[in-house]
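In UniProt numbering, the protein residues as written are 1 to 221.
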């Protein structure tokens, strides 16, 4: 199994599976292919980083450093530079989810689309300004969904979300706030492929909303 090869196998075992048959396999969802490919690329960069470190240590401890005719400084600097670039790439690849952000004008159907994907009308939706703050949706292994509000790390009933995230509620949160909602992956298979959704207020409801979009959506995929 390719997935097990990614988790437990060597680089050779992983790359053996990444062929045209893998791309054409209709039984593997496209998001699963993306996830597997991302993990395979991360494995490649991991081995590359290890190799570059070994090369660096070899030259650093080698007797060639004692040879005045051999200039090694520039080579070592280039190796260090390559290692640092690889670390940056791996940091990006090691993100725990692919972030999909929805933003646009009021009543453009942002929340409705996410509700349709989740198969449940959990997000405030309707005619007019309904979403008051940013709402992040991601999968969890719990049987019941829950929400975490910005003022407390405690799990809350998702029904509270309709009040906290709704612009029509008296206890609503402002656009600078972010509510995290965790939805059981068994209720929405797409979430098991490490995908998260970010709902946002309409871009035409607050003068500072661009600031919060930049804060919460800038790292979206």
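Note that the Cβ used here is the ideal one computed from N, Cα and C, for glycine as well. On a predicted model such as this, the values are computed, not experimentally measured, just so you know.
Residues 182 and 184 of the same chain have their beta carbon placed closer than 8 Å to that of residue 142, with the five preceding and five following residues left out of the count. Residues of the same chain with a CB within less than 8 Å of the CB of residue 48, apart from the 5 flanking positions on each side, are 86 in chain order. Between the beta-carbon of residue 197 and that of residue 114 there is about 5 Å, and that keeps the pair under the 8 Å contact cut. For residue 196, no alpha helix (DSSP H) segment is defined; the enclosing uninterrupted segment is the beta strand (DSSP E) at 195 to 199. In this structure, DSSP gives residue 155 a state outside helix and strand, which the three-state scheme calls coil. In the three-state reduction of the DSSP assignment, residue 99 falls in the strand class, which pools E and B.
In the structure shown, the three-state DSSP call for residue 177 is coil. When the five nearest sequence neighbours on each side are left out, the beta carbons in the same chain lying within less than 6 Å of the beta carbon of residue 177 are those of 133 and 150, in order along the chain. By the criterion of a C-beta distance shorter than 6 Å, residue 200 is surrounded in its chain by 103 and 134, once the five residues flanking it on both sides are discounted. With a 10 Å radius around the Cβ and a threshold of 16 neighbouring Cβ atoms, residue 36 comes out buried. According to the DSSP secondary-structure assignment, residue 43 is paired through a beta bridge with no residue. Under a 10 Å Cβ-count criterion, residue 195 is classified as buried, with 16 or more other Cβ atoms of the shown protein chains found around its own Cβ.
If you look at residue 185, you'll find it isn't in any beta strand (DSSP E); DSSP assigns it neither H nor E. Only exposed fits residue 80, as fewer than 16 other CB atoms lie within 10 angstroms of its CB. Closest in C-alpha terms to residue 158, from the list 121, 188 and 186, comes 121.
Taking C-beta atoms as the reference points, residue 60 and residue 75 fail to come closer than 8 Å. If you draw a straight line from the Cα of residue 57 to the Cα of residue 78, it is about 13 Å long. Of the other Cβ atoms in all chains shown, 16 or more fall within 10 Å of the Cβ of residue 43; this residue is therefore buried.
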